[in-house]
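Residue numbers (the UniProt record's numbering): 1 to 130. Accompanying notes for the structure given below.
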Amino acid sequence: MASVRHFRELKVWQIANEIRKDVYRVTNKFPPTERYTLIPQLRRAAHSIAANIAEGYGRFHYRENIQFCRQARGSLEEVCDGIGFAGELQLLPAEELRAIDGRVDECHKVLNAYIQAIQKRKNERQATND
1 MASVRHFREL KVWQIANEIR KDVYRVTNKF PPTERYTLIP QLRRAAHSIA
51 ANIAEGYGRF HYRENIQFCR QARGSLEEVC DGIGFAGELQ LLPAEELRAI
101 DGRVDECHKV LNAYIQAIQK RKNERQATND
C-alpha cells in the first residue's frame, strides 16, 4: 500500500471500475421499462463503489478512508442485489450474471483485505505514537 501513488493503482479500485463498466454495459441491454428504476439504481451503486474507494484514498485520516471503503462495500452489496434481481427477471444471460457475480465476489475479498490493511496501518501508527 505504501508504494501506491494514485487511487487508480489500487487493485480494489481497478476491480470496482471493471464492475462499473460491466454494469453500464449490461444495463444498456435492459428494456426501456427499466429506464427509471433498475438501470439508474444499478449504475449509481456501481459508480459509488469505485468513487468511494477513490474518495477514501484521498482522505488524510485512516478512519475516513475506512469509512469510505465501508460505504463502497455497501454499494457493492447493492450491485449484487440488483444484478441478482435482474437475473431473476431474465434481463441478462446467466453467463453475464455469473461473470459479474464473480467480479463482485473478488471485489468483496480485496476490499475487505484493503480495509484490514488500512486498519493495521492505523493501529501500528497509534502504537508508535503512544
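Just so it is clear, CB atoms sit at the ideal spot from N, CA and C, and this is done for glycine as well. If you're wondering where the values come from, they're calculated on a predicted model, not measured in any experiment.
Query raised in the report: Beta-carbon separation of Val26 and Ile115 under 9 Å?
Result: no
**Report entry** N-terminal and C-terminal residue of the alpha helix (DSSP H) that His47 is part of
**Finding:** First-last of the alpha helix (DSSP H) with His47: Leu38 to Gly58.
Query raised in the report: Tell me which same chain residues have a C-beta within less than 6 Å of the C-beta of Ile118, skipping the five on either side of it?
Result: Tyr62, Asn65 and Ile66
Query raised in the report: Between the C-alpha atoms of Asp105 and Ile15, what's the straight-line distance to the nearest angstrom?
Result: Distance between Asp105 and Ile15, taken at the CA atoms: about 10 Å.
Query raised in the report: Under the three-state reduction of DSSP, which class applies to Val79: helix, strand or coil?
Result: helix
Query raised in the report: Quick one: what's got a C-beta closer than 8 Å to residue 137's C-beta in the same chain, skipping five residues either side?
Result: Past the boundaries of the shown model lies residue 137; the chain is included only from 1 to 130, so the question cannot be answered.
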